[in-house]
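Let me begin by presenting the structure, written as structure tokens, before commenting on it.
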Amino acid sequence: MRAWVAARLAQTVLVVFLSLTAVFGMVRLSGDPVLLFMPMDIQAKDVEDYRRRLGFNDPLVVQYARFMKNAAHGDFGESLRYRRDALGLVLERLPATLLLAGTAILLTLVVAVPLGVVTAVRRDGVVDHAGTIVTVLGQATPGFWLGLMLIYVFAVQLRWLPTGGIGGLAHLVMPSIVLAAFYASRVARLTRSAVLDALGEDYVLTARAKGLAERRVVGKHALRNSAIPIVTLAGLEAGQLLGGAVVTETIFAWPGLGRLTVQALLNRDFPVVMAAVSFTSIVYTLMNLGVDLLYGWLDPRVRSR
Amino acid sequence: MKKLLGLALTVGVLGVALAAPWLATTDPMTTDFASGLKPPGSPGHVLGTDQLGRDLLTRVLYGARLALFIGACTVVVTAVTGSLLGLVAGFVERWPSAAIMRLADVQLAVPFILLALTINAIVGLGLRNIILSLSAAGWVVFARVVRGEVLSVKQRDYVHAAAALGVGRARLLFRHVLPNVAPSIIVVASLQFSQFVVAEAAISFLGFGVQPPTPAWGSMLSESRDFLYVAWWLAAFPGAALALTALGVNLVGDWLRDTLDPKLRV
Numbered sequence: 000m001r002a003w004v005a006a007r008l009a010q011t012v013l014v015v016f017l018s019l020t021a022v023f024g025m026v027r028l029s030g031d032p033v034l035l036f037m038p039m040d041i042q043a044k045d046v047e048d049y050r051r052r053l054g055f056n057d058p059l060v061v062q063y064a065r066f067m068k069n070a071a072h073g074d075f076g077e078s079l080r081y082r083r084d085a086l087g088l089v090l091e092r093l094p095a096t097l098l099l100a101g102t103a104i105l106l107t108l109v110v111a112v113p114l115g116v117v118t119a120v121r122r123d124g125v126v127d128h129a130g131t132i133v134t135v136l137g138q139a140t141p142g143f144w145l146g147l148m149l150i151y152v153f154a155v156q157l158r159w160l161p162t163g164g165i166g167g168l169a170h171l172v173m174p175s176i177v178l179a180a181f182y183a184s185r186v187a188r189l190t191r192s193a194v195l196d197a198l199g200e201d202y203v204l205t206a207r208a209k210g211l212a213e214r215r216v217v218g219k220h221a222l223r224n225s226a227i228p229i230v231t232l233a234g235l236e237a238g239q240l241l242g243g244a245v246v247t248e249t250i251f252a253w254p255g256l257g258r259l260t261v262q263a264l265l266n267r268d269f270p271v272v273m274a275a276v277s278f279t280s281i282v283y284t285l286m287n288l289g290v291d292l293l294y295g296w297l298d299p300r301v302r303s304r
Numbered sequence: 000m001k002k003l004l005g006l007a008l009t010v011g012v013l014g015v016a017l018a019a020p021w022l023a024t025t026d027p028m029t030t031d032f033a034s035g036l037k038p039p040g041s042p043g044h045v046l047g048t049d050q051l052g053r054d055l056l057t058r059v060l061y062g063a064r065l066a067l068f069i070g071a072c073t074v075v076v077t078a079v080t081g082s083l084l085g086l087v088a089g090f091v092e093r094w095p096s097a098a099i100m101r102l103a104d105v106q107l108a109v110p111f112i113l114l115a116l117t118i119n120a121i122v123g124l125g126l127r128n129i130i131l132s133l134s135a136a137g138w139v140v141f142a143r144v145v146r147g148e149v150l151s152v153k154q155r156d157y158v159h160a161a162a163a164l165g166v167g168r169a170r171l172l173f174r175h176v177l178p179n180v181a182p183s184i185i186v187v188a189s190l191q192f193s194q195f196v197v198a199e200a201a202i203s204f205l206g207f208g209v210q211p212p213t214p215a216w217g218s219m220l221s222e223s224r225d226f227l228y229v230a231w232w233l234a235a236f237p238g239a240a241l242a243l244t245a246l247g248v249n250l251v252g253d254w255l256r257d258t259l260d261p262k263l264r265v
């Protein structure tokens, strides 16, 4: 167990290191990085000035070493637009994104998991067919379109909810539904297939043969055994919420990490882009590590693989 | 039922995309400012017109062309590069495998849409660059699945038998291993296709990718936001076309997986 955990930790450190390298390399894709960092209508003397100040005249190896050293200290430079610490801007926006993603995960747990269980137990019943239609539609509907349609119905026509921004509970309703829609549909389908798998196992047959009530067979035997695949896959997929937040936050003017990234890209504020992408990749990698360790703890067979 | 609906939608969208110039009544770029923002059902404009008086139906039809073209190009590029890297990683093992798989880990450490968006913002706008950035972010799924399949296929008896008969490594890989991995590649391609189409729309929606006035569903939706209070149809129809396309392709993908490779998880 200890060796396995150590190996997973080492792998995580390597991935984080390589991700930072990739972020550094990505900015070099366009050729001249200074032009990427500068607003479009800047004068040549300022470009030269910044080429020197950002150190783009140094050899690439020196630049790389400096970037990695600063990144290790949480220093991604200063935002070229707001003239403030880039990572600080990113961290400031984190609570809003966590609130949104947390609400989406909560919605999923409350709605999608029970839906998955019911559709599996009542296989081929009316609920199952209705549930399948809803989840298939949920997976196919692009979040930004769902968002626009919800805004039109509930904000423009009915005037029940605000069109965007952060504030009370009412502001949270539409963004969290939009962010949860795709994820919840996936989790509902995963839950259904995991519970169906468990219901086909011998121990369920045994439990039924003992004459246990169906409630207990499902609740105690099937559900507990299907918990592992549900937790793992739901955990791994939860990372995609960080991607979904990019689009959702933009539609609803939600002041989170995703919207900050899009705005920084539009403003060519690359220190902030680099800080945001690096931070997201580190959070994402740590989440995957957490899920993996949880999985290994729940199911010892994983560790020996 | 799902299979029929999926095939009907997919074939329908494909037909519409191919026949767009003959189905459309006008040109997707021609403006007619005097008849702007006409609601659906107006004479000559079944789905209404946009802020510049362009026929919405025409633009949605041409949007299908662009969406399917970008989706198809990206799937071909990622399927070829990703599968080749996956074949090498699974067949050769040792350092090529480790290098390719670590690269895949790094890419998977950033959410797909964020990665494609960032690459697109760096390499610049344009049709070629959006295919490039989606491909750079999307090859990983092919590489992972193909590698996993190769690792199990190369242990089979017929591969050992061919190797014992003195078949060369390249021939072994492409004539004996690849055909047996092909079903998985087809399933992944169909499931990735709709993801690429939706991702392209999302990127164009956010202001990168395909730019107006080119009729792409994503940039049409982006423009529609300014008119949500007065012209709901500008948001409703391009998005519905996108959702129906994704639905059709997803259903076909599910069906292909159930028939070709039921255990595959993507």
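Those protein sequences? They're chains A and B, same order as listed.
The first sequence begins at 0 in numbering that gives the first Met the number 0 and counts up one residue at a time.
The second sequence begins at 0 in numbering that gives the first Met the number 0 and counts up one residue at a time.
Virtual Cβ for every residue (Gly too), placed ideally from N, Cα, C.
All values reported here derive from a predicted model rather than from experimental measurement.
For the alpha helix (DSSP H) that contains B/N128, what are its first and last residues?
L126 to V152
On the DSSP bridge assignment, give the partners of A/D84 in chain order.
A/E77
Cβ of B/G206 less than 8 Å from any chain A Cβ?
yes
Can you tell me which of the three DSSP states A/T260 falls into?
helix
Excluding the five sequence neighbours on either side, which residues of its own chain have a C-beta within less than 6 Å of the C-beta of A/T96, listed in chain order?
Close CB contacts of A/T96 within its chain, under the 6 Å cut and outside five residues either way in sequence, are with A244, G255 and L256 (chain order).
From the DSSP output, read off the bridge partner residues of B/T48.
Paired residues: B/D54.
Tell me, which residues are paired with B/S41 by DSSP?
B/H44
Identify, in the order they occur along the chain, each residue of the same chain with its Cβ nearer than 7 Å to the Cβ of B/P212, setting aside the five sequence neighbours on each side.
For B/P212, where only same-chain residues beyond five positions count, the Cβ hits under 7 Å are M28.
Could you work out which residues of chain B lie near A/Y151, taking near to mean beta carbons separated by less than 7 Å?
L227, W231 and A234
My output table needs one value for A/R304: the three-state DSSP class, helix, strand or coil.
Bear in mind that the predicted position of A/R304 carries a pLDDT of just 48, short of 50, making it too unreliable to give a figure here.
If I follow the unbroken alpha helix (DSSP H) through A/I227, where does it start and stop?
That run of the alpha helix (DSSP H) goes L222 to A237.
Using a Cβ cut-off of 8 Å, pull out every chain B residue sitting near A/P141, in sequence order please.
Chain B residues near A/P141: V197, A200, A201, G238, L241, A242 and A245.
Check whether chain B comes within 8 Å of A/T96, counting only Cβ atoms and requiring the distance to be less than that.
It does not: the Cβ of A/T96 has no partner Cβ on chain B nearer than 8 Å.
Rounded to whole angstroms, what is the Cα-Cα separation between B/H159 and A/T247?
When rounded, the distance between both Cα atoms is 51 Å.
Are A/S78 and A/A71 close, meaning C-beta to C-beta below 8 Å?
no
Would you say A/W296 faces chain B, with C-beta separation under 8 Å as the test?
no
Do B/L46 and B/L56 have their C-beta atoms within less than 8 Å of each other?
yes
For a cutoff of 8 Å on Cβ pairs, would you count A/W253 as touching chain C?
No chain C appears in this structure, whose protein chains are A and B.
Give a yes or no on whether 8 Å exceeds the smallest Cβ distance from A/M25 to chain B.
yes
Within 10 angstroms of its Cβ, does B/P214 collect 16 or more other Cβ (buried), or is it exposed?
buried
Of all the CB atoms in chain A, is at least one closer than 8 Å to the CB of B/R127?
no
Answer with yes or no whether the minimum CB distance from B/R174 to chain A is below 8 Å.
no
Do A/L98 and the ligand NAP come close, with the Cβ less than 7 Å from some heavy atom?
By its list of ligands, the structure shown contains no ligand whatsoever, and the ligand NAP lies outside what it can speak to.
Please check the pair A/T284 and A/T11, which I expect to be a contact at CB under 8 Å, by giving their CB distance rounded to whole angstroms.
Confirmed, about 6 Å.
Is it right to say B/L60 is buried, meaning 16 or more other beta carbons lie within 10 angstroms of its own, or is it exposed?
buried
Can you give me the start and stop residues for the alpha helix (DSSP H) that A/M39 sits inside?
Taken as a continuous stretch (DSSP letters only), A/M39 belongs to no alpha helix (DSSP H), as it is neither H nor E.
Threshold first: 4 residues or longer. Then list the alpha helix (DSSP H) segments lying entirely within the stretch 61 to 119 of chain B, N to C.
93 to 107
Which of the residues in the stretch 75 to 106 of chain B, read from start to end, lie with their CB under 9 Å from any CB of chain A?
Residues of the stretch 75 to 106 of chain B whose Cβ lies closer than 9 Å to any Cβ of chain A, in chain order: R101, L102, D104, V105 and Q106.
Once DSSP output is grouped into helix, strand and coil, what is the label at B/L205?
coil
Taking A/W144 and B/G238 to be in contact with their CB atoms under 8 Å, please state how far apart those CB atoms are, rounded to whole angstroms.
In this structure A/W144 touches B/G238 by the C-beta definition: roughly 3 Å separates them, less than 8 Å.
In chain A, what lies closer than 8 Å to B/I69 by C-beta?
Those do not exist, as B/I69 stays about 15 Å from chain A at its closest Cβ, beyond 8 Å.
If you draw a straight line from the alpha carbon of A/R304 to that of B/E92, how long is it in whole angstroms?
The pLDDT assigned to A/R304 is 48, lower than 50, so where the model puts this residue is not dependable; a value taken from the coordinates is nonetheless given after this. Each residue's alpha carbon lies about 17 Å from the other.
Do you know how far the Cα of A/S184 is from the Cα of B/A131?
According to the sequence as given, residue 131 of chain B is Leu; it is not Ala. Each residue's alpha carbon lies about 30 Å from the other.
Answer yes or no: does any C-beta atom of chain B fall closer than 8 Å to that of A/G289?
no
Are three or more beta carbon pairs between the stretch 199 to 206 of chain B and the stretch 99 to 109 of chain B nearer than 8 Å?
The stretch 199 to 206 of chain B, when compared against the stretch 99 to 109 of chain B, does not touch it at the 8 Å Cβ threshold.
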